[in-house]
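Just so you know, we're using our numbering here: the sequence shown kicks off at 599 and counts up by one. Backbone N, C-alpha and C define an ideal beta-carbon position, used for all residues, glycine too. Below: the structure, in structure tokens.
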Amino acid sequence: MNLPQNPGPIGVFDSGYGGLTILHGIRQLLPQYDYVYLGDNARAPYGTRSFDIVYKFTRQAVLKLFSMGCHLVILGCNTASAKALRSIQRRDIPMWDSGRRVLGVIRPTAEIIGNITQSRHVGLLATEGTVKSRSYDMEIGKLWPDIKVSGVACPFWVPLVEYNEADSPGADYFVKKRVDELMRKDANIDTIILGCTHYPILMPKIVKYVPSGVRVLPQGEYVADSLQTYLGEHPAIEKKCTQGGSCYYYTTENADKFKESARIFLHEDVQVTHIDLDDRKFF
């Protein structure tokens with residue numbers, strides 16, 4: 599496969615808008631690099647889709663970013679990280695270009711969680727797909743076998759964010775319901791992972807309903823810290839990441855719609871280009 603070999607931007611992919619919270623955290627810490635963000639908004643959400651479909655869609659997006667010059671792609675999507683990352687790393691990268699890398703958002707959170715929880719009881723609020731995959735349970739278990747993880751799916755939280763209802767009174771009902779459900783599962787939880795990149799937008803309401811003393815962890819800063827460490831430990835990859843401080847946005851949906859919704863996550867206007875992910879080009 600003939601992919602561009604010149605250095606290029608770091609790619610960030612998400613099924614929708616949530617990965618913008620990951621991109622924001624990364625750019626806060628590592629503003630010197632160039633970035634390309636690709637949102638597959640036309641086919642979002644991924645949370646309830648099967649493993650095969652999430653893998654297929656994520657594979658298309660990663661290959662598209664590779665074809666745009668990226669040598670390193672971050673899956674800024676928990677569902678894609680849970681359902682597609684391992685297959686892409688093991689099956690596709692060796693076939694496409696063994697010098698390229700794809701990283702997810704689950705591992706960085708798993709790596710630090712044992713240094714944060716005191717009770718060794720951790721909660722997970724995520725999409726149905728991420729909870730059912732048990733990816734957090736497995737990754738945390740590898741690193742911190744003494745930690746118990748309890749997860750609850752939050753099916754209405756993503757639409758609340760994407761329809762700009764995160765601050766509405768109606769959002770309180772859905773947030774409180776899932777937080778209460780999680781704490782009923784395990785009253786000893788002292789740390790809650792927000793296992794969906796949309797959920798930090800709901801942080802004010804989540805914090806409002808978690809018990810006193812329970813810490814809530816969004817992922818952006820931990821993914822950024824992990825990426826900084828990764829680039830330092832892998833100079834061959836780091837040299838393939840251009841440093842011009844630019845950021846370009848692409849969506850499979852209407853560009854104007856993306857621009858409007860991106861304001862919710864970034865609090866700024868961005869320039870967006872529509873892009874197609876066509877099976878016939880990649881399979």
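Outcome for D874 when other beta-carbon atoms lying within 10 angstroms are tallied against a minimum of 16 = Its Cβ having fewer than 16 others within 10 Å, D874 is exposed.
Pick from Y635, T707, R718, G616 that is closest to Y846, judged by C-alpha positions = Y635
For L829, which residues from the same chain have a beta carbon less than 6 Å from its beta carbon, with the 5 sequence-adjacent residues on both sides left out?
-> E836
Mapping DSSP to helix, strand and coil, what is V868?
-> coil
Would you identify the three-state DSSP class for G712, choosing helix, strand or coil?
-> coil
Roughly how many angstroms lie between the CA atoms of D823 and Y653, to the nearest whole one?
-> D823 and Y653: Cα-Cα distance of roughly 26 Å.
Contact under 9 Å by Cβ, E737 with I704 = yes
Work out the CA separation of A678 and G712 for me, nearest whole Å.
-> 24 Å
In whole angstroms, what is the alpha-carbon distance linking V700 and E858?
-> 29 Å
If you run the structure through DSSP and keep just helix, strand and coil, what is H832?
-> coil
Which residues does DSSP pair with D744 in a beta bridge?
-> Paired residues: none, contrary to the question.
N-terminal and C-terminal residue of the alpha helix (DSSP H) that L780 is part of = L780: member of the alpha helix (DSSP H) spanning 767-783, first to last residue.
Would you list the residues sitting across from R647 in a DSSP beta bridge?
-> In DSSP, R647 forms no bridge with anything.
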